[in-house]
Each structure stands twice: as C-alpha cells, then as structure tokens.
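A quick write-up on the structure given underneath.
Number of protein chains: 2
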Amino acid sequence: MLCGVPVRPQPPESLPDDAADDAFRSDCPARVVLDHVTSRWGVLVLTGLATGPLRFHELRTKIEGISEKMLSQTLRTLVRDGLVERAVEPSSPPRVSYSLTPLGEGLTQPLQHLFIWIRDHARLVSAAQERHDARSEGQPG
Amino acid sequence: MLCGVPVRPQPPESLPDDAADDAFRSDCPARVVLDHVTSRWGVLVLTGLATGPLRFHELRTKIEGISEKMLSQTLRTLVRDGLVERAVEPSSPPRVSYSLTPLGEGLTQPLQHLFIWIRDHARLVSAAQERHDARSEGQPG
DNA sequence: TATAGGGGCTTACTTTTAGTAAGAAGCGAT
DNA sequence: ATCGCTTCTTACTAAAAGTAAGCCCCTATA
C-alpha cells in the first residue's frame, strides 16, 4: 500500500479539483512517473517515438542536442517503466530499435497536446521574456 | 528569424507528423519553453496554480518536497515567461500571491491531461518496474 | 527595549545530475 | 590485421538541484 494511493478512498472534504492531486505528494508512484516523463530528455524521447519505432542513432539525430549517454540512460529508464520497448534485430551488426509500448502510446497523447501548445505559443513566451527583461533593466535593483 | 522557425516552409519530404516538430530542434524558442515547463518543478508549480492563486507558502505546502530556493527560482522563470503572475498585496506584512496568466492557463490544460494520465497509470508503471527488476536480477551480467 | 515569530525570499555550500570525450564489444569488409 | 559501423559504457568536468542558514520588514508580547 504505497503511500496510501492504492485504495485511496477519495476523502470528500478535500480536492475540489479531483484530477491533479497525486503527483503533488513526494512519496507517490505518480511523482516518480512524473519525474521520469518530465526528465530533461524524457518528453523528447517519448514524443520522438510517437510516430513509430526508431533506431538509436535515428533518435539521437531527431532529438537535437541529446548525448549518447543521456539517450541511453533515458531509454533505459523508460524501458524499465514499461513505456518503451527495446527490440534487438539479430543481424550483424545487431540493430536496436525502440518503440512505444501500448502503455507508452497512451502517454504520448497528452504529451503531443503539450508539444502542440508549446509550438503554437513559443513566440508569445519569447515576447514575454523580452518585455520582462526590458523592464528589469530599466529598474536597477 | 530565430532558428528558421518563423517562416519555416514545411519541406514536404520530411515530417509525416506535422505537429511534434519544433521542440526537437535545440536552438528553438519552443525548446526553451519545453525546458522551463518540464523543468524539475515547472509542471508541479503550473499545475499547482491551475485551481487558483496561491501564496508562496501555500504553494510550498501543496508541492511536497520543493525547497524555498527552487520554488522561488521556478516561479521567477515562469513569471519571466509570462505564464505566471506575481501579485503583491500592499498590506502589512505584504502578501505575495501567484496565479496563472491567461497564457499560462492555456498551458495547464495539456498538463492536467498529463497529470490525469499519470495518476491513472502510475501503478501500471510501478508494476512494470518491478517486473523489469525481477528479470534483471535473474540475469546476472 | 528586548525578543520572538511569520512571510518571502537570498546566499553559501554540498550533492546530484547532465554534458563531453573517449573507448570497448562484436562483427563484416578491405 | 586493421578499419569502421553501431550501440552503448566509463571517466572526468560542468551545471543544476538540495540543504541550511540568514536577511529584511513588519507585528505582537512583555
């Protein structure tokens, strides 16, 4: 009964917003999953695989800026989490390809919404940053 | 014309999936936004504010495990990004409360979907981890 | 006047995590 | 026998996060 989650009886006195609760607790499985998914490269790897299986170096190329070490490490974590599957084709040299599991596929839907939002609003955020920086320079402190 | 995005001509030979592209490039504004949003505490802060404004220590209490330093730092980043607003009530002592801007509110919708998915599937992930660890122990090397 | 305490931070220091560069295993081709 | 390709590791260094303490402004208490 990890951190009270498994049979959480939904206490009626709390949570006007039912949805976004679990991951706020530091000792919950949900927090661990959130940490893995939103790790430095987790979102990119998961979303990178959303359109189909990719080999190690294909992923590395697609995700600009990731190092082999971090790609390897992130993939290992996600494989362990059951979100990504690692398949070794017994050729020579053996080709390793990664794909989403059915579980992982469910996750990429919210992640793609996030991606789309970010793509569509990134420039608004940049503009806000510039406004903020301009204001801050004017106000010495 | 930052990193070719503004008037990206959509080369037809790539991207069968139009949507999830931008943040894959390391020099794009979208990548910066993704980094801020999915920073260690970004998702939790943003989602924590989704149900309404909160004061500094209220947020700190809601988000188990965050330190004051990281809360302060994360909030500063998100305020600069125009996703969160910082309001100082001129009382004595002054109360500082944080809330989502309209821009930030748009972002919390995808994030809440992510939260819900994680809450609903965290145990499946934990189970996958246990299976994986059991298998790995059996296979030395 | 001294003192304690709350709220919202910041600073100095330590630990963890990520980045960089190089190398190793396994094989086939030259 | 050496080269190179692919998928990872392994050292080492740099950056980010964690920890603990303190600061500033105010208010209440004695």
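Protein chains in written order, with this note's numbering: chain A, 1 to 141; chain B, 1 to 141.
Idealized CB from N, CA, C, for every residue including glycine.
Problem - Cutoff 8 Å: alanine 20(A) Cβ touching any chain B Cβ - result: Per-residue confidence for alanine 20(A) stands at a pLDDT of 39, beneath the threshold of 50, marking its modelled position as unreliable; the derived number appears in the next sentence. Answer yes: the Cβ-Cβ gap between alanine 20(A) and chain B drops below 8 Å somewhere.
Practice task
Express the C-alpha separation of leucine 44(B) and proline 9(A) in angstroms, rounding to a whole number.
Solution key: A caution first: proline 9(A) carries a pLDDT of 32, below 50, which makes its placement in the model too unreliable to give a value.
Handout entry: Element boundaries [alpha helix (DSSP H), containing leucine 44(A)]
Key = 42-48
Exercise for the section: Check each candidate in Glu58(B), Leu103(B), Arg55(B) and Pro94(B) and name the one with the smallest Cα separation from leucine 78(B). Expected result: Leu103(B)
Problem - Spatial distance of threonine 108(B) from glutamine 129(B) (CA atoms) - result: Straight-line Cα distance between these residues: approximately 28 Å.
Practice task
Return the first residue and the last residue of the beta strand (DSSP E) that alanine 87(A) is part of.
Solution key: Looking at the DSSP string, the run of the beta strand (DSSP E) that includes alanine 87(A) is 84-89.
Practice task
If I'm right that tyrosine 98(A) touches glutamate 89(A) with Cβ under 8 Å, what's the distance once you round it to whole angstroms?
Solution key: Wrong, their Cβ atoms sit about 12 Å apart, outside the cutoff.
Problem - Whole-angstrom distance between glutamate 137(B) and aspartate 120(A), CA atom to CA atom - result: 45 Å
Handout entry: Positions along the segment 102-120 of chain A whose CB lies within less than 8 Å of some CB in chain B
Key = From the segment 102-120 of chain A, only Leu103, Gly106, Leu107, Gln109, Pro110, Leu111, Gln112, His113, Leu114, Phe115, Ile116, Trp117, Ile118 and Arg119 have a Cβ closer than 8 Å to chain B.
Problem - Residue from Arg31(A), Arg40(A), Ala134(A) and Thr101(A) with nearest C-alpha to glutamate 64(B) - result: Arg31(A)
Problem - Under 8 Å (Cβ pairs) to chain B, residues found in the segment 57-69 of chain A - result: Within the segment 57-69 of chain A, the residues whose Cβ lies closer than 8 Å to some Cβ of chain B are Lys62, Ile63, Glu64 and Gly65, listed in chain order.
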